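There are 2 protein chains.
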Amino acid sequence: MSGVDRRPRVAVDVAGADLGPEPVVAGALAAAATTDVVLVGPRERIRPLLPGGVPPPGVRLLDAPDVVGMADDPVAATYAKRRSSLLLAAAEVAAGRADAMVTPGNTGAAVLAAAARLGRVPGVTNPALATVLPVPDAGPTVLLDIGATATAQPEWLVEFAVLGAEYARCRLGVEQPRIGLLSNGHESVKGGPVRRDAHLLLAATPGYVGQIEAYDVLGGRVDVAVTDGFTGDVALKMYERTLDATVGLALAAVRAFSPIGALARDRERRVTATVRRGLAAEAGGALLGVRGVCVVCHGAAGAADVAAGVDIAVECVRSGVVTRTGVAFAASSRRRRVVRRVAVDG
Amino acid sequence: MSGVDRRPRVAVDVAGADLGPEPVVAGALAAAATTDVVLVGPRERIRPLLPGGVPPPGVRLLDAPDVVGMADDPVAATYAKRRSSLLLAAAEVAAGRADAMVTPGNTGAAVLAAAARLGRVPGVTNPALATVLPVPDAGPTVLLDIGATATAQPEWLVEFAVLGAEYARCRLGVEQPRIGLLSNGHESVKGGPVRRDAHLLLAATPGYVGQIEAYDVLGGRVDVAVTDGFTGDVALKMYERTLDATVGLALAAVRAFSPIGALARDRERRVTATVRRGLAAEAGGALLGVRGVCVVCHGAAGAADVAAGVDIAVECVRSGVVTRTGVAFAASSRRRRVVRRVAVDG
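Next up, the structure:
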């Protein structure tokens with residue numbers, strides 16, 4: 001729909017979130033002010049949450065009786081639950097009835113559903129989830145993969161670099177993103193065999209600056225930090241938990257010299273707002289490498305997070321992430337074929 | 347020296363730190379108020395940093411002409427630089443002329459030097475570096491490995507659990523530490539093949555509570571968080587960088603409603619002190635699984651960090667970490683032999 005002058009349409013998976021369907025429906029209805037929304041989930045659980053039991057204007061209800069829970073094995077659930085909200089939401093996008101899908105459900109199952117119904121961008125072995133972390137006094141950083149994969153081969157990390165660079169172009173407006181490979185040191189001997197091999201392969205990727213440490217993810221040295229989904233999950237959760245803990249302690253310190261009750265509360269609000277606005281990670285990760293827009297929110301996403309996830313999806317649609325990753329991938333595949341040929345012939 | 351009534355003796359590696367020998371010598375001299383110190387490094391670089399060019403009482407100088415830098419390959423440096431401060435400091439401990447060593451140098455080379463000169467605790471395949479993270483509103487958490495290894499086999503993670511539990515007993519005084527395996531989810535299907543296997547093996551380890559997420563490392567759910575050195579390095583650096591960034595933003599928010607210059611600065615100091623006291627990671631990691639105490643500080647450790655590293659080393663000596671890990675390991679090896687026999691016979 002890039003360039004088309006109409007409201008974007010987003011399919012929202014209402015089943016399988018940690019906090020039940022209530023905050024998801026509330027967030028989707030809030031997003032419906034500017035976006036057409038398809039609520040996908042068990043009809044009888046969604047209806048009671050709609051005003052008067054009826055979808056308001058701009059909102060459509062799509063019954064999906066099968067629910068994939070957080071504890072479900074993604075592969076088994078994808079094969080057994082054919083009418084899950086995940087597979088039906090992805091099918092809406094595949095059929096062109098929605099421009100994007102948003103889910104706070106089981107991440108592994110969401111990735112499989114998107115890959116199954118939307119297909120992968122040609123040349124992509126594994127799709128990757130990307131998020132945007134703000135960096136004080138510098139531009140934000142794209143971090144990927146944050147959980148679509150559990151381990152990674154060197155070649156996948158190269159693919160993630162291409163996907164992440166395109167995401168940085170679309171979301172951050174950075175023309176030539178600087179790409180770093182998350183490792184345990186800057187030296188090329190670091191990182192174990194998978195990262196050492198990826199480091200060598202990445203030399204052919206435009207914008208690659210080398211191995212980086214976790215410090216650099218928030219350090220303004222790179223626009224894209226590439227890692228496997230296991231390490232990305234740990235890094236992101238460590239980030240979020242440390243942020244929470246630090247805000248809590250900063251508030252305690254502020255309280256220590258705030259004399260009056262109401263004034264103290266006002267100050268606390270301002271400190272919290274400043275820090276969170278400055279540092280909070282985005283409410284959802286974009287699944288890159290599939291032929292459609294899919295945003296995965298936290299399992300415990302609140303209504304505001306779901307609405308923010310819809311905003312991310314709309315921005316991905318408007319900036320044409322899918323088309324652009326396809327083009328970038330075709331170029332990258334050509335480059336790698338040349339590199340391989342040179343390596344073989346040389 | 348556990349139980350011996352004399353000043354502890356700590357060998358401090360003065361070469362190879364990021365900031366040069368100055369802060370290391372300054373920190374070691376500060377520690378010499380309560381601890382006998384051996385300064386190990388190139389004599390001509392240390393002498394000018396001593397008052398009057400002579401070691402003060404309680405301080406000894408040990409010339410080590412070979413310097414291992416941060417960019418040196420640990421294996422190559424260990425074999426080529428036989429008179430490095432790392433190998434000589436470890437030899438002091440091995441010969442009983444020092445009770446512990448402290449180094450802000452190349453981590454990989456420090457691990458190899460300690461393993462080579464001190465030997466490993468029988469049953470330990472790989473030593474691990476452990477740090478203590480404070481957790482607001484709960485007891486602190488031991489996190490290991492934070493960088494002695496780059497990858498891990500399932501069996502090594504089980505060894506790390508035994509080492510970490512003993513460290514928690516010695517340093518935190520927790521009698522029966524709760525142990526978690528750092529993963530990307532609580533479900534046993536998560537974490538990839540290495541962690542899934544480790545999860546099964548860990549079932550026989552007393553105190554094991556299952557797979558945990560990075561959230562839980564600071565969540566008061568466990569006393570020991572076990573992971574490979576690559577993931578531990580990323581988690582710790584993400585933690586430290588997020589803490590710094592959050593403190594910076596919290597200060598900006600405090601400044602926004604602090605009217606007077608001097609008062610503002612006083613408030614800033616108080617916020618920073620409260621947050622850092624509450625959340626700062628320890629200045630050094632203890633190398634567990636070798637037959638001697640070795641503490642590795644940050645490469646960019648300041649004088650206060652080096653002195654704090656000496657304090658950690660002294661606490662490890664006093665609590666008898668080495669003896670206790672040896673005993674724990676002997677017990678754990680017996681247990682695993684039984685488990686293996688049951689598995690084979692059953």
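As given, the protein sequences belong to chains C and W, one line each in that order. The opening residue of the first sequence carries number 1 in this note's numbering; numbering runs sequentially from there. The opening residue of the second sequence carries number 347 in this note's numbering; numbering runs sequentially from there. We treat Cβ as the ideally placed atom computed from N, Cα and C, and that holds for glycine. Please read all numbers here as calculations on a predicted model, not as lab measurements.
- Cβ neighbours of Thr477/W within its own chain (closer than 7 Å, five residues either side excluded): Leu489, Ile492, Leu582, Ala627, Glu628, Gly631.
- DSSP places Leu249/C in the helix class (H, G or I) of the three-state scheme.
- Residue pairing by DSSP puts Gln211/C in a beta bridge opposite Leu181/C.
- Minimum Cα-Cα distance from Leu62/C among the listed residues Val321/C, Ala31/C, Ala161/C, Ala15/C corresponds to Ala15/C.
- With 16 or more other Cβ atoms from the protein chains shown falling within 10 Å of its own Cβ, Val660/W counts as buried.
- For the pair of segments examined, the stretch 264–276 of chain C was found not to touch the stretch 106–124 of chain C: the number of CB pairs separated by less than 8 Å stays below three.
- When Cβ-Cβ separations below 7 Å define contact, Gly278/C makes contact with chain W.
- Around Ala647/W, the same chain offers Pro450 as residues with beta carbons nearer than 6 Å, after the five sequence neighbours per side are excluded.
- Contact between the stretch 50–62 of chain C and the stretch 23–34 of chain C is present, with at least three C-beta pairs closer than 8 Å.
- Counting only runs of 3 or more residues that sit fully inside the stretch 638–688 of chain W, the beta strand (DSSP E) segments are 639–643, in chain order.
- The three-state reading of DSSP puts Leu218/C in coil, since its state is none of H, G, I, E or B.
- Note on Gly387/W: 16 or more other CB atoms within 10 angstroms of its CB, so buried under the neighbour-count rule.
- Residue pairing for Thr131/C: DSSP places it in a beta bridge opposite Leu143/C.
- Near chain C, meaning a CB-to-CB distance below 7 Å, the residues of the stretch 470–484 of chain W are Pro482.
- Residue range 36–41 is occupied by the beta strand (DSSP E) that includes Leu39/C.
- A straight-line Cα-Cα distance of about 37 Å links Gly292/C and Gly575/W.
- When rounded, the separation of the alpha-carbon atoms in Leu509/W and Leu597/W is 39 Å.
- Taken through DSSP and simplified to helix, strand or coil, Ser84/C comes out as strand.
- For the stretch 187–220 of chain C, the residues whose beta carbon sits under 9 Å from a beta carbon of chain W are, in order, Glu187, Val189, Lys190, Gly191, Gly192, Pro193, Val194, Arg195, Glu213, Ala214, Tyr215, Asp216, Val217, Leu218, Gly219.
- Counting the other Cβ atoms within 10 Å of the Cβ of Ala115/C gives 16 or more, which makes it buried.
- Comparing alpha-carbon positions, the option among Ala363/W, Arg429/W, Tyr513/W, Asp359/W lying closest to Asp569/W turns out to be Tyr513/W.
- Contact of Asn106/C with chain W is not assigned, every C-beta pair being separated by 7 Å or more.
- In the pairwise beta carbon analysis, the stretch 82–101 of chain C is classified as not touching the stretch 178–185 of chain C: fewer than three pairs are separated by under 8 Å.
- Around the beta carbon of Tyr79/C, fewer than 16 other beta carbons sit within 10 angstroms, so the residue counts as exposed.
- Proximity of the stretch 151–162 of chain C to the stretch 389–401 of chain W falls short of the contact definition, fewer than three beta-carbon pairs being nearer than 8 Å.
- The residue among Arg670/W, Ser679/W, Cys662/W, Ser678/W with its C-alpha nearest the C-alpha of Arg355/W is Cys662/W.
- Not one beta carbon of chain C lies nearer than 7 Å to the beta carbon of Leu633/W.
- Pairing Arg47/C with Pro65/C gives a Cβ-Cβ distance that is not under 7 Å.
- Under the 10 Å beta carbon count, Arg517/W is surrounded by 16 or more other beta carbons and is classified as buried.
- By the rule that beta-carbons nearer than 7 Å mark a contact, Asp233/C touches chain W.
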